[in-house]
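**Q** Using this note's numbering, the first residue of the sequence shown is number 1464, and each one after it goes up by one.
Here's a structure for you.
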Amino acid sequence: MITRFAALSGSCARFSLIFPLIAWASAAAVQHAPIKVILDTDIGTDIDDAWALGLAMTSPEFELIAVTVTDGDTTARARVACKLLHTTDHGAVPVAVGRPTPPPPGIDYQFTWAEEFTAKRPVSQPAAKLIVDTIRHFPNEVTLIGVGPLQNVADALRLEPRLPKLVKRVVLMSGSIRASASSPAPMAEWNVVRATADAQLVYAAGFPLTTVPLDSTTYVRLRDDERERLRARASPLTRALEALYRLWLDDPSKRMTLHDQLAVAETARPGEFFGRCDTLRLRVDDKGFTRMDEVRGSPTTVCFEPKRDAFMQYYLEGLTR
Ligand SMILES: [Ca+2]
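Have a look at this one:
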C-alpha cells in the first residue's frame, strides 16, 4: 500500500509539475501568437515609412502578411518597399500597388534608391483587393496599419462593405486633435488632407479604429546618437535605412519625426507606449480636420502622451536585433 501510495503520490507530484508546464506553454502560445498585420504605406516621401516598415519586419509580435502602397506614384513607392523587403530577407512578403493619384509636390529622392531594382516585383492584385482577400481569408485576425493617405483602405471598404466586421483592428497614423509640438492649434494632417473624402469614409465606417495623431507623434524625434547606434549595427536593414535617410535629408539640420513607427508600435503593444488612450467621437470635415463631434463623430481610440524613452528602447532594439 505504501508503495502504491508512494507511486500514486509520485505520479500526482509529476502531474502537478507537468500540468502547470502545459498550462504555461498554452498561455505562452496564446500570448505570443503573432499578430497578423498588413502595412499600408506611402513609403518614399517622408522617411518614417521606411523606418516603420523596418519595425514591422523585425517585430517578434508580428506576422507581416502584406505591404500595400498608397498615394501619388504608387509604382515607384512599391519598388522601394520591394527592395527594402528583398534586401533584408523578407522577400516573401507580397507588395501590392494602390491606385495612383497626382503626386505630392517636391522630388522624392528615395525613389532613386530602387529605380533599377527588379529582383522582387509587386503582385498583380491591386492593393485594395489584396487587403480584402487577406482579411476575408483570416476573419477577425488581421490588423490593418495605415500610415499613409487612406485611398487603399477606402477602396477596400468600397469593395467589401463588411470589412469593419471582418478586420480585427485598424491602427492609423492620422489626424490632429488639439495642439502638437508643431502647432498650438489642430492642423489638417497630411494623411487626412491628401485624400479627404477617403478619410471621411474610413473614419465613419465603424472600424475598430485607433489613431496616433500629430498630438503625439510630433514629440518623438530621432536623436543623432540613436541614428549612430543603428548605423553602427551595419546590418542589411540598418544600412538600407541609413541610405534612405541620407536621400531624404535635404537639410543637415533635419531630424526624423517618428510618426508612423508609433502606429506600428501601438499595434505591437497596445497602450504600452502612451500615457493616455481616449475614446473620442471623431469626424473628418471637408477641409481635412479631424474634429471632435459628439453628435456626428464615430468612436475612435486616440493615443496621447507618448512615452518616448520606452518606445525608443523598444524600437531601437527591434531594428538592431
Ligand atoms: Ca507615411
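Ideal placement from N, C-alpha and C gives every residue a C-beta, glycine not left out.
None of these values were measured; they are calculated from a predicted model.
Do A1619 and L1626 have their C-beta atoms within less than 7 angstroms of each other?
**A** Closer than 7 angstroms, so yes.
**Q** For ligand 1, is there any heavy atom lying closer than 6 angstroms to the beta carbon of D1678?
**A** No, since every heavy atom of ligand 1 falls outside the 6 angstroms radius drawn around the Cβ of D1678.
**Q** Can you tell me which residues fall inside 5 angstroms of ligand 1, judged by beta-carbon distance to its nearest heavy atom, and keep chain order?
**A** Here the list is D1505, D1512, V1610, G1611 and D1723.
**Q** Buried or exposed: which applies to V1442, given that a residue is buried once 16 or more other Cβ atoms fall within 10 Å of its Cβ?
**A** A question about residue 1442 goes unanswered here, because the residues of the chain that appear run from 1464 up to 1784.
**Q** How would you write the range of the beta strand (DSSP E) that G1535 sits in, first residue to last?
**A** Looking at the DSSP string, G1535 is not in any beta strand (DSSP E), and its letter there is neither H nor E.
**Q** Do I1594 and L1502 come within 7 angstroms of each other at the CB atom, strictly closer than that value?
**A** No, the pair does not count as a contact, with Cβ atoms beyond the cut-off.
**Q** Can M1650 and A1726 be called in contact, C-beta distance under 7 angstroms?
**A** Not in contact: M1650 and A1726 (Cβ atoms no closer than 7 angstroms).
**Q** Mark D1661 as exposed unless 16 or more other C-beta atoms lie within 10 angstroms of its C-beta, in which case mark it buried.
**A** Answer is buried; the Cβ neighbour count reaches 16.
**Q** Which residue from P1568, R1599 and T1701 puts its Cα closest to that of T1551?
**A** Considering only alpha carbons, the answer is T1701.
**Q** Secondary structure at T1504, three-state DSSP: helix, strand or coil?
**A** If DSSP states are grouped into helix, strand and coil, T1504 belongs with the strands.
**Q** Distance, Cα to Cα, L1548 vs V1586?
**A** The straight-line gap from Cα to Cα measures roughly 14 angstroms.
**Q** Need the endpoints of the alpha helix (DSSP H) that A1559 sits in, please.
**A** Taken as a continuous stretch (DSSP letters only), A1559 belongs to no alpha helix (DSSP H), being part of the beta strand (DSSP E) at V1558 to V1560.
**Q** I'd like the ranges of any alpha helix (DSSP H) spanning at least 4 consecutive residues and lying wholly in the region 1600-1635.
**A** Whole alpha helix (DSSP H) segments, 4+ residues: 1614-1622 and 1626-1629.
**Q** Need the endpoints of the alpha helix (DSSP H) that V1727 sits in, please.
**A** Unbroken alpha helix (DSSP H) run through V1727: H1722 to A1731.
**Q** Nearest CA to the CA of V1791: which residue from V1765, C1545 and H1495?
**A** Missing from the structure shown is residue 1791; the chain here goes from 1464 to 1784 and no further.
**Q** When burial is assigned at 16 or more other CB atoms within 10 Å of the CB, is L1782 buried or exposed?
**A** Buried, since its Cβ has 16 or more Cβ neighbours within 10 Å.
**Q** When DSSP labels each residue in this structure, what does M1775 get in the three-state scheme?
**A** Helix at M1775.
**Q** Rounded to a whole number of angstroms, what is the C-alpha to C-alpha distance between A1648 and F1767?
**A** Answer to the nearest angstrom: the Cα atoms are 15 angstroms apart.
**Q** Would you call the region 1680-1693 and the region 1712-1720 touching, i.e. three or more CB-CB distances under 8 angstroms?
**A** Verdict: yes, contact present.
**Q** Under 8 angstroms: do the region 1569-1588 and the region 1706-1714 share three or more Cβ pairs, one atom per stretch?
**A** Touching, yes.
**Q** Provide the residue(s) that pair with R1754 in DSSP beta bridges, ordered along the chain.
**A** R1746.
**Q** Give a yes or no on whether the C-beta atoms belonging to A1515 and D1772 are separated by under 7 angstroms.
**A** Result no, Cβ atoms of A1515 and D1772 do not sit closer than 7 angstroms.
**Q** Pop quiz: P1566 and G1535 are said to be a contact at Cβ under 8 angstroms. What is the actual Cβ separation, rounded to whole angstroms?
**A** So it is a contact: roughly 4 angstroms between Cβ atoms.
**Q** At the level of alpha carbons, what is the spacing between T1508 and A1559?
**A** Using only the alpha carbons, I get a separation of about 18 angstroms.
**Q** When DSSP labels each residue in this structure, what does G1638 get in the three-state scheme?
**A** G1638 falls in the coil class under three-state DSSP.
**Q** A1529 bridges to which residues according to DSSP?
**A** Bridge partners of A1529: I1501.
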